[in-house]
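Undergrad: Per the working numbering, numbering through the sequence shown is continuous, rising by one, with the last residue being 425.
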Amino acid sequence: MSRHAAVQRPRPARHSRRLRTHGALRGVALVVAAVLVFGASGVAAVAAKLNGNMDKVDVSALVNPMPSQNTEPDPDDPNAGQAVNLLILGSDQRDGENAEIGGDDEGMRSDTTMVLHISADRSRVELVSIPRDSLVEIPSCTMTNGKTTKATRAMFNSAFASGWDNGGDMESAAACTINTVQHNTGLTINHFVVVDFAGFQQMVDAIGGVPMCIPTPMFSPDAGLALSPGFQTLNGTTALAYARARKGQGVGDGSDTNRIGNQQKLMAAMVREVLSRDVLTNPQKLISFLSAATSSLTTDTAMSIPNMTGLAYNLRDIDSGNITFMTIPFAPAKSDRNRVEWTAEADVVWSNMVNDLPALGEAPAAPTPDAPVEPPVTQAPVETTAPSAPAATQPPPEVPTPVETKEAGKEAFSVDDTTDVC
Numbered sequence: 004m005s006r007h008a009a010v011q012r013p014r015p016a017r018h019s020r021r022l023r024t025h026g027a028l029r030g031v032a033l034v035v036a037a038v039l040v041f042g043a044s045g046v047a048a049v050a051a052k053l054n055g056n057m058d059k060v061d062v063s064a065l066v067n068p069m070p071s072q073n074t075e076p077d078p079d080d081p082n083a084g085q086a087v088n089l090l091i092l093g094s095d096q097r098d099g100e101n102a103e104i105g106g107d108d109e110g111m112r113s114d115t116t117m118v119l120h121i122s123a124d125r126s127r128v129e130l131v132s133i134p135r136d137s138l139v140e141i142p143s144c145t146m147t148n149g150k151t152t153k154a155t156r157a158m159f160n161s162a163f164a165s166g167w168d169n170g171g172d173m174e175s176a177a178a179c180t181i182n183t184v185q186h187n188t189g190l191t192i193n194h195f196v197v198v199d200f201a202g203f204q205q206m207v208d209a210i211g212g213v214p215m216c217i218p219t220p221m222f223s224p225d226a227g228l229a230l231s232p233g234f235q236t237l238n239g240t241t242a243l244a245y246a247r248a249r250k251g252q253g254v255g256d257g258s259d260t261n262r263i264g265n266q267q268k269l270m271a272a273m274v275r276e277v278l279s280r281d282v283l284t285n286p287q288k289l290i291s292f293l294s295a296a297t298s299s300l301t302t303d304t305a306m307s308i309p310n311m312t313g314l315a316y317n318l319r320d321i322d323s324g325n326i327t328f329m330t331i332p333f334a335p336a337k338s339d340r341n342r343v344e345w346t347a348e349a350d351v352v353w354s355n356m357v358n359d360l361p362a363l364g365e366a367p368a369a370p371t372p373d374a375p376v377e378p379p380v381t382q383a384p385v386e387t388t389a390p391s392a393p394a395a396t397q398p399p400p401e402v403p404t405p406v407e408t409k410e411a412g413k414e415a416f417s418v419d420d421t422t423d424v425c
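#1: For the candidate residues Asn193, Val351, Pro134, Asp322, whose alpha-carbon lies nearest to that of Asn261?
#2: Around the C-beta of Asn73, are 16 or more other C-beta atoms found within 10 angstroms, so that it is buried, or is it exposed?
#3: For Thr145 and Ala123, I'd like the C-alpha separation in whole angstroms.
#4: Have a look at Gly202 and His194 and give me their C-alpha separation to the nearest angstrom.
#5: Please classify Pro405 as buried or exposed, where buried requires at least 16 neighbouring CB atoms within 10 angstroms.
#6: Can you list, in chain order, the residues of its chain whose CB lies under 6 angstroms from that of Ala154, leaving out five sequence neighbours each side?
#7: Assuming Ile263 is part of the beta strand (DSSP E), what are its boundary residues?
#8: DSSP beta-bridge partners for Asp58?
#9: By the DSSP assignment, the alpha helix (DSSP H) with Ser165 in it spans what residues?
#10: Using beta-carbon positions only, say whether Asp58 and Thr408 come within less than 8 angstroms of one another.
#11: In whole angstroms, what is the alpha-carbon distance linking Ala415 and Arg127?
#12: Identify, in the order they occur along the chain, each residue of the same chain with its Cβ nearer than 6 angstroms to the Cβ of Asp98, setting aside the five sequence neighbours on each side.
#13: Would the beta-carbon of Ser132 fall within 8 angstroms of that of Ile331?
#14: Under 8 angstroms between the Cβ atoms of Gly3 and Met273?
#15: Kindly confirm or deny that the region 213 to 228 and the region 325 to 344 touch, where touching means at least three C-beta pairs closer than 8 angstroms.
#16: Give a yes or no on whether the C-beta atoms belonging to Met1 and Ala271 are separated by under 8 angstroms.
#17: Rounding to the nearest angstrom, what Cα-Cα distance links Gly84 and Lys150 in this structure?
#18: Please report how far the alpha carbon of Ser94 lies from the alpha carbon of Val87, in whole angstroms.
#19: With a threshold of 16 other CB atoms inside 10 Å of the CB of Gln397, please say whether the residue is buried or exposed.
#20: What's the C-alpha gap between Val213 and Leu293?
#21: Roughly how many angstroms separate the alpha carbons of Ser307 and Ala51, rounded to a whole number?
#22: Assuming Asn187 and Val139 make a contact with CB atoms under 8 angstroms, what is their CB distance in whole Å?
#23: Assign Ala411 to one of three DSSP states: helix, strand, or coil.
#24: By the DSSP assignment, the beta strand (DSSP E) with Glu141 in it spans what residues?
#25: Per DSSP, which one or two residues make a beta bridge with Asp256?
#26: Rounded to the nearest angstrom, what separates Ser338 and Thr183 at their Cα positions?
#27: Should Ala43 go down as buried or exposed, given a rule of 16 or more other Cβ atoms within 10 Å for buried?
#28: Let me check one thing: in DSSP terms, what residues is Gln185 bridge-paired to?
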């Protein structure tokens, strides 16, 4: 944890600590907003349009089964009473419109991977980033064309690439990634979404940009990023460059693990902006944002607007302080110092999520009102002799109030926490 001597910029009064939904968390945003649209206007055609925007792929036959509770689903919320795990993938697709943004290249890779855990009681949302350079066990994967890969130990993001290279489609790539996550964590992945370059830009532009504090100059020619220090509103193009940049002035050391922190800060800022701009309660803004969001996603066939509205409704009162961003604990790999491996602390995080406990463990209990309070220690005043003629003095300089910050990518932080000061 770090502390910086700076005056904290006050939050706009319209930003409420109480989140009405978990909306801006990328793919889940479309679900939350849809609930509000349907509840307010009853326009079922909007649901059909938004649901039709998404590319759907069926991975059910390719994903290895995990233990289930075999409970009778609630028709209003099929996931009622159960935790939900959503796998979010940012694809490094380089064809069509994406080639114009990131450069033309063959194949497809997962550039960003996050596991979004929603607690069974709908009181917590935890988003855990997985470094793509993590050395993990990749299980045998079956492709849509019948090919089967061998189990191996390799970089995490090679699971997606292997599925795409051997199967030639999103179903194979996504299913192999899901199998890899489940095999190494014990979690059951209920749904997945894939967001590409172009779609991410559209989502940012749909909310009018993302205000962020840029504490130092950031310049990365490779990513096309050039930012001056201070409060900036990033449009879609700049936000994507910020999320993709790995090396350059004020950017980091060129590692993927450093970039993860910037991506988490950007997503947290998107959550705050969606709330502050009333995107979820303004029909015109809402439909514009949802149109951009849904058109950018590839999802599993089970993740439809009608099926997820119950889940979204039950998250309407979640506290923003209970939306947590973190990176799975890791250390340099013993076999290759240019790669990383998960530590024993990572096992605890995954185990807690499997058991639907807070990922970082239970927070320490607050002191009870009946606890005895020690009286303050007082000291007798010390007599001093005042000077006969007080010298003229200048008023003491104002000392900036220290602001406690969290280091994104290395420390867990919530939407309420400060990660940078300007």
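Using N, Cα and C, we set each Cβ at its ideal position, and we do this for glycine too. Model, not experiment: these values are computed from the prediction.
TA: To lay it out plainly:
#1: Pro134
#2: Low local confidence applies: a pLDDT of 43 at Asn73 is under 50, so the model's placement there is unreliable, with the coordinate-based value given in what follows. Exposed is the call here.
#3: 31 angstroms
#4: 19 angstroms
#5: exposed
#6: Pro142, Ser143
#7: Premise fails: Ile263 lies in the alpha helix (DSSP H), 259 to 279, not in any beta strand (DSSP E).
#8: Thr301
#9: 161 to 170
#10: no
#11: 14 angstroms
#12: Bear in mind that a pLDDT of 45 at Asp98, under 50, signals an unreliable position, so the model cannot answer this.
#13: yes
#14: Since the first residue of the chain shown is 4 and the last is 425, residue 3 is not available in this structure.
#15: no
#16: Residue 1 is absent from the structure shown; the chain starts at 4 and stops at 425.
#17: 37 angstroms
#18: 22 angstroms
#19: exposed
#20: 16 angstroms
#21: 10 angstroms
#22: 5 angstroms
#23: strand
#24: Here residue 141 turns out to be Ile, not Glu, going by the sequence shown. Note, Ile141: beta strand (DSSP E), 138 to 141.
#25: Lys250
#26: 20 angstroms
#27: The predicted model places Ala43 with a pLDDT of 42, which falls under 50 and marks its position as unreliable; any figure quoted below should be read in that light. Exposed, because fewer than 16 other Cβ atoms sit within 10 Å of the Cβ of Ala43.
#28: BP columns for Gln185 are empty, so no partner.
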